[in-house]
Amino acid sequence: MNDNTNTAKHEHPISDRAQRWLSLECRGASDTLCAVGDAAARELGRRTGPLPLAAPAAMLAFIIASPQLTQDWLPVALLFLIMAGAAFMRMRIADQLSRARREELTELARDYQACVDLTAFSWGALIGVLLLVHGIDRLTELALVATVGLLAGAFTSLTLERTLWLRFNAALWLPLLTITGLLIWQDSDGAWLLLLVETLFAGFAVLQGQRMVRDYINGLITNIRLEDAVSKIADQRSELRAHRERLDELIARTHQLSYYDQLTGIGSRHHFHERLLTSIDNHVEDGQRFAVLYLDVDDFKAINDTFGHDAGDYLLKVVARRANALLRSSDFAARLGSDELALLVHDLSSDDDITHVVQRCRDAIQMPVRLTNRSVSPRVSIGIAVYPEDSDSAQGLLKAAESAMNAAKHGTKSHFARYFAEMSRAAEQRLTIEQELRQALEKNQFELHYQPQFDIDTGNCCGVEALVRWNHPERGLVPPLAFIPIAENSGLIDALGEWVLTTACRQAVAWFDGGLQPLTIAVNISPLQLLDPDLVATVGNTLAASGLSPQLLELEITESAIQTHADARSTLTQLRELGVRIALDDFGTGYSSLASLRELPIDRVKIDRSFVADILSSEQDSALLGTIIEMAHVLGSSVVAEGVEERAQAELLQRLRCDCVQGYYFSRPLPAAEVTRIAAAAGRPVQCLQHPRPACVTTD
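Each number in this note's numbering corresponds to the 1-based position in the sequence shown with 57 added.
Structure below.
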């Protein structure tokens with residue numbers, strides 16, 4: 058009700074001003090008012106037509122029908138000439154109104170108004186003269202009927218502007234009413250009745266005409282606003298279409314950069330990870346063994362130094378093409394690094410099959426290649442890891458193959474080696490850590506360190522990431538990579554994760570109560586925690602118990618967790634509904650489908666440290682990172698880069714428009730007490746990259 062009242066109050070003055078558009082100056086007026094004036098002026102020209110000729114024609118008829126008028130021919134002729142001239146001028150101006158430029162419309166409409174005033178006054182004066190000469194007889198009655206007809210015609214053409222209509226009626230009726238009043242003073246029969254009729258007609262004309270003006274102008278305002286809304290919607294649709302096309306281009310470009318190596322044309326490291334994960338998933342269904350072959354070009358640095366980098370690039374292309382040519386459609390080849398390739402080979406029923414593939418690959422690659430008029434026989438060292446014997450994870454399999462490759466490079470004449478793992482010792486070590494983890498939870502041996510995150514442009518501390526440390530009574534502080542995977546496999550991750558979440562939220566509130574500005578605190582959520590149906594309730598209860606504002610809590614979810622778990626989107630949406638921010642952690646490690654990121658409620662993208670580490674040495678990684686940052690911004694997400702350890706990395710990230718950074722170049726993970734000092738110091742604006750080392754960096 059109140060909204061409708063306020064709208065009515067706002068609309069009323071706009072309508073009133075629009076009804077008097079002849080007195081409106083567009084300079085300083087709203088676009089709607091100017092558009093109303095332009096449209097009404099043109100409509101005035103279109104509606105006029107030959108109508109102005111009716112008045113002088115009728116006047117001529119009355120002059121002919123009344124010989125008495127010729128006795129005072131001079132004023133009568135003058136009135137006729139004024140009316141005829143005004144009528145023709147009115148028609149001419151009307152024609153110009155329908156074709157004039159916008160800036161000419163208002164002035165022409167005012168000239169039109171002057172012509173209307175002259176026509177109406179001439180007509181009213183002539184009818185008044187008839188009344189004086191004839192009195193109230195049949196001829197004057199016909200003249201009054203003609204006046205009503207003239208008024209009816211005016212309703213169709215002049216009820217477009219209030220002032221125009223009021224002035225027309227004033228010019229028309231004032232002479233008539235004045236002369237009728239004179240007849241009353243002369244005691245003419247029927248003069249009082251005539252005055253009453255004229256007054257009624259004049260009042261009706263004024264009121265009805267104003268109503269028609271109001272209805273026309275209000276309808277015109279509605280149409281103009283509707284057309285404007287339709288135009289804006291069309292513009293927005295066009296912008297949205299262009300936005301989507303740009304986004305699709307970015308995704309296609311990112312896909313090309315992320316999934317294919319730009320030098321050799323074979324797959325990228327990220328693509329290889331995805332294919333490897335797919336092969337692991339397929340193994341559950343078909344049980345087929347497959348192998349990862351890790352290839353490293355021997356003496357590649359010497360080749361670059363001797364023949365130049367262009368020759369080295371050409372050699373890599375040849376090696377990649379030869380290796381890829383040996384593979385079947387189900388196999389896959391990728392470039393992992395500078396001179397390192399990986400092959401994913403399926404359908405291996407025995408170790409002899411593996412050896413046969415490796416020997417064929419080695420022999421094909423060793424065929425001579427012409428480099429700057431010299432023949433070179435490239436050699437590769439090959440490491441072999443077989444799933445599931447050597448590892449049951451993608452990372453483990455790659456690591457095993459790389460270890461075997463290093464062994465082949467330094468310890469075998471055949472230049473290839475199969476990985477052999479000490480499984481019993483590793484299993485015993487995992488069991489020991491699992492038992493100690495249970496005791497650590499009971500004895501409260503865990504503590505949190507916090508790594509500050511800094512705005513890359515201002516140097517302000519904009520948040521911290523909570524990192525759990527195990528304060529082992531014998532081994533000291535144990536980093537999370539040494540025990541988090543075991544906690545996940547043993548089912549202890551839920552209890553540990555809840556402790557981390559609760560402790561981090563309480564610490565954030567304690568910092569605020571201690572006088573620090575509010576800091577966003579980021580907490581890692583493991584893939585298994587994301588599967589927990591009670592995760593949303595746990596987060597909500599923790600926020601309520603600690604008193605932390607939900608907007609200050611950021612939950613970091615890995616790419617692999619989102620891609621692996623079908624319910625991840627629903628869980629993330631529910632967390633967002635609590636007000637919590639969501640960050641996509643370890644972005645760039647190759648697990649995600651980039652196209653699907655548009656469908657996820659992500660507030661921040663965290664670039665993985667392994668990706669940041671290569672941006673100075675790899676133009677491809679630098680270009681890919683710039684595209685990812687741009688795409689994240691298009692999607693409305695901010696970007697933070699992890700693992701920044703060099704000034705040059707920070708400067709490049711700043712040029713690529715990364716939002717925030719964290720890493721040892723700025724600060725190591727710190728106990729809570731030290732964060733207080735760092736955050737307080739960094740709270741003052743600091744241009745971090747203006748100095749050899751930022752003011753916010755810890756030196757201990």
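The beta carbon of each residue, even a glycine, is placed where N, CA and C say it ideally should be. Treat the numbers as computed from the prediction; the structure is a model and nothing was measured.
- A Cβ-Cβ separation of about 7 Å places Ile-664 in contact with Val-696 under the 8 Å criterion.
- For Gln-608, the number of other beta carbons within 10 angstroms of its own is below 16, and it is reported as exposed.
- A Cβ-Cβ separation of about 17 Å leaves Leu-314 out of contact with Asp-370 under the 8 Å criterion.
- The beta-carbon separation of Ala-736 and Pro-509, rounded to 7 Å, stays under the 8 Å limit for a contact.
- The DSSP-derived three-state label of Phe-723 is coil.
- Taking all protein chains shown into account, Met-140 has 16 or more neighbouring C-beta atoms within 10 Å of its C-beta and is therefore buried.
- At least 8 Å separates the beta-carbon of Glu-164 from that of Arg-77.
- With contact defined as three or more Cβ pairs closer than 8 Å, the segment 454-467 and the segment 503-523 are not in contact.
- Three or more Cβ pairs closer than 8 Å define a contact, and the segment 711-730 meets that threshold against the segment 510-526.
- The count of Cβ pairs closer than 8 Å, one atom from the segment 634-642 and one from the segment 274-286, stays below three, leaving the stretches out of contact.
- Residue state for Cys-715 is assigned as coil, using DSSP reduced to three classes.
- Within the segment 195-238, the runs of alpha helix (DSSP H) that reach at least 4 residues and sit entirely inside it are, in chain order, 195-215.
- Note that the C-beta distance between Gly-266 and Leu-233 is not below 8 Å.
- As the crow flies, the alpha-carbon of Arg-103 is around 31 Å from that of Thr-256.
- Less than 8 Å separates the beta-carbon of Asp-353 from that of Ser-438.
- Listed in chain order, the non-local C-beta contacts of Thr-630 below 6 Å within the same chain comprise Pro-658, local neighbours out to five positions each way being set aside.
- Within the segment 312-343, no run of beta strand (DSSP E) reaches 3 residues while sitting entirely inside it.
- Residue pairing by DSSP places Ser-438 opposite Asp-353 in a beta bridge.
- Just measuring C-alpha positions, the residue of Asp-512, Gln-345, Lys-466, Arg-378 sitting nearest Glu-446 is Gln-345.
- Residue nearest to Tyr-721 within the set Ala-729, Arg-704, Arg-379 is Arg-704 (criterion: CA-CA distance).
- Bounds of the alpha helix (DSSP H) holding Glu-676 are 676-691.
- Secondary structure of Phe-473 (DSSP, three-state): strand.
- Trp-249 counts as exposed, since fewer than 16 other beta carbons sit within 10 angstroms of its beta carbon.
- A direct Cα-Cα distance of roughly 37 Å separates Ser-295 from Glu-708.
- In this structure, the straight-line span from the alpha carbon of His-472 to that of Thr-595 is close to 54 Å.
- When secondary structure is reduced to three states using DSSP, Glu-504 falls in the strand class.
- CA-to-CA, the gap between Ile-490 and Pro-537 works out to about 12 Å.
- Beta bridge pairing from DSSP links Pro-509 with Val-521.
- Within the segment 404-463, the complete beta strand (DSSP E) runs of at least 3 residues fall at 426-428, 431-433, 437-444.
- If you draw a straight line from the Cα of Asp-285 to the Cα of Thr-628, it comes to about 41 Å.
- Inclusion of Gln-706 and Ile-685 in the CB contact set at 8 Å is not warranted, their separation being larger than that value.
- In the DSSP assignment, Ile-639 falls within the beta strand (DSSP E) that extends over 638-644.
- For the pair Gly-365 and Leu-372, the Cα-to-Cα distance works out to about 11 Å.
- CA-to-CA, the gap between Ala-227 and Trp-180 works out to about 12 Å.
- At least 8 Å separates the beta-carbon of Leu-189 from that of Ile-241.
- Of the residues Leu-710, Arg-326, Ser-460, the one whose Cα lies closest to the Cα of Leu-401 is Arg-326.
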